[in-house]
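Working notes for the structure below.
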Ligand SMILES: C[S@@+](CC[C@H](N)C(=O)[O-])C[C@H]1O[C@@H](n2cnc3c(N)ncnc32)[C@H](O)[C@@H]1O
């Protein structure tokens, strides 16, 4: 399910912060255990919460995401020669899954390569991952902003975005990214999004509807998409652009 290669960790500072917070509470709890044992209990509880949250996060980023996309790609189809675009592709995880699923399709990933959003992302790393999976000839990586997509209207039969659009800082800019996705999607094509932050994902669905798309979702993707817990759950949208 997960392609071969090294795909880094999404927003690595988040689980690192929880691990540090858990470790600090653990040290405090152990010290308190010898002077005031009752007071150490909340610290041990905090440690457990932080470590468990970090573990669930790492699972979602390294494994769970791929299970979610395996299901989502069942809802797509690409004929030979058709093109797909992955917005905020990072190290190429979803672009490579699309290329493997549709062996006649040509796939483009676009990214600004912000390492704060995914550790070690770069066009070279993404290309190396594509080559490792035998799809290097059909997956291309461009440097660019999903707010100003450098492609003509109606170019792609499928546009995907995996935990990427939420990284854009304002509601208006995120809606703009959605409008750009609609612009480059061919009539009858699909836009498939998996992302976190409930309100943001609801706004994507609203923007897609306003653009005339038939929208299925947002749908919770289950525990595989919990970036710490159900309060930061992945939700999915499958939208079809009218013909
Ligand atoms: C959390 S990572 C997810 C990467 C990939 N989609 C995956 O699921 O493995 C988010 C990615 O979005 C990219 N990104 C953030 N803002 C962007 C923008 N405005 N345009 C293009 N890419 C962007 C980041 O550089 C990062 O690689």
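In the numbering used here, the protein residues as written are 1 to 243.
Beta carbons: idealized from backbone N, C-alpha and C, even for Gly.
Quantities reported herein were computed from a predicted structural model and do not represent experimental measurements.
Spatial neighbours of residue i in its chain, beta-carbon cut-off 7 Å, leaving aside the 5 residues before and after
{"i": "residue 190", "result": "76, 158, 238, 239 and 240"}
{"i": "residue 18", "result": "50, 53 and 54"}
{"i": "residue 57", "result": "14, 15, 227 and 228"}
{"i": "residue 29", "result": "40, 43, 44 and 47"}
{"i": "residue 166", "result": "195, 196, 197 and 200"}
{"i": "residue 89", "result": "95, 109, 110, 111, 126 and 141"}
{"i": "residue 145", "result": "112"}
6 Å CB neighbourhood of residue i in its chain, flanking five on each side removed
{"i": "residue 113", "result": "121 and 122"}
{"i": "residue 70", "result": "1"}
{"i": "residue 244", "result": "What is shown of the chain runs 1 to 243, which leaves residue 244 out entirely."}
{"i": "residue 149", "result": "180 and 184"}
{"i": "residue 211", "result": "182"}
{"i": "residue 130", "result": "92, 96, 136 and 139"}
{"i": "residue 207", "result": "175 and 178"}
8 Å Cβ cutoff met for residue i and residue j
{"i": "residue 110", "j": "residue 163", "result": "no"}
{"i": "residue 221", "j": "residue 203", "result": "no"}
{"i": "residue 46", "j": "residue 25", "result": "yes"}
{"i": "residue 243", "j": "residue 152", "result": "no"}
{"i": "residue 155", "j": "residue 98", "result": "no"}
{"i": "residue 96", "j": "residue 135", "result": "yes"}
{"i": "residue 106", "j": "residue 138", "result": "yes"}
{"i": "residue 236", "j": "residue 72", "result": "yes"}
Close beta carbons around residue i, own chain, < 8 Å, minus the five adjacent residues each side
{"i": "residue 147", "result": "168, 173, 176, 177 and 180"}
{"i": "residue 33", "result": "40"}
{"i": "residue 224", "result": "59, 60, 63, 64, 65, 67, 68 and 234"}
{"i": "residue 205", "result": "215, 217, 218, 237 and 239"}
{"i": "residue 21", "result": "46 and 50"}
{"i": "residue 171", "result": "200 and 203"}
Presumed contact (8 Å Cβ cut-off) between residue i and residue j, rounded CB distance
{"i": "residue 141", "j": "residue 126", "result": "5 Å"}
{"i": "residue 6", "j": "residue 118", "result": "About 11 Å; that fails the 8 Å criterion."}
{"i": "residue 215", "j": "residue 209", "result": "5 Å"}
{"i": "residue 133", "j": "residue 83", "result": "With a Cβ gap of about 18 Å, residue 133 and residue 83 do not count as contacting."}
{"i": "residue 218", "j": "residue 93", "result": "Contact flag wrong, Cβ pair sits at about 21 Å."}
{"i": "residue 8", "j": "residue 128", "result": "Contact flag wrong, Cβ pair sits at about 12 Å."}
DSSP three-state assignment for residue i, whether helix, strand or coil
{"i": "residue 79", "result": "coil"}
{"i": "residue 141", "result": "strand"}
{"i": "residue 155", "result": "coil"}
{"i": "residue 9", "result": "coil"}
{"i": "residue 270", "result": "Within the shown structure, residues of the chain are numbered from 1 to 243, placing residue 270 beyond reach of any answer."}
{"i": "residue 74", "result": "coil"}
{"i": "residue 217", "result": "strand"}
{"i": "residue 170", "result": "coil"}
{"i": "residue 91", "result": "coil"}
{"i": "residue 212", "result": "coil"}
{"i": "residue 136", "result": "coil"}
{"i": "residue 36", "result": "coil"}
{"i": "residue 163", "result": "coil"}
{"i": "residue 235", "result": "strand"}
Exercise. For ligand 1, which residues count as neighbours when the test is a C-beta closer than 5 Å to any heavy atom?
Worked result: 10, 88, 90, 93, 111, 112, 114, 117, 118, 121, 145, 146, 162, 163, 164 and 167
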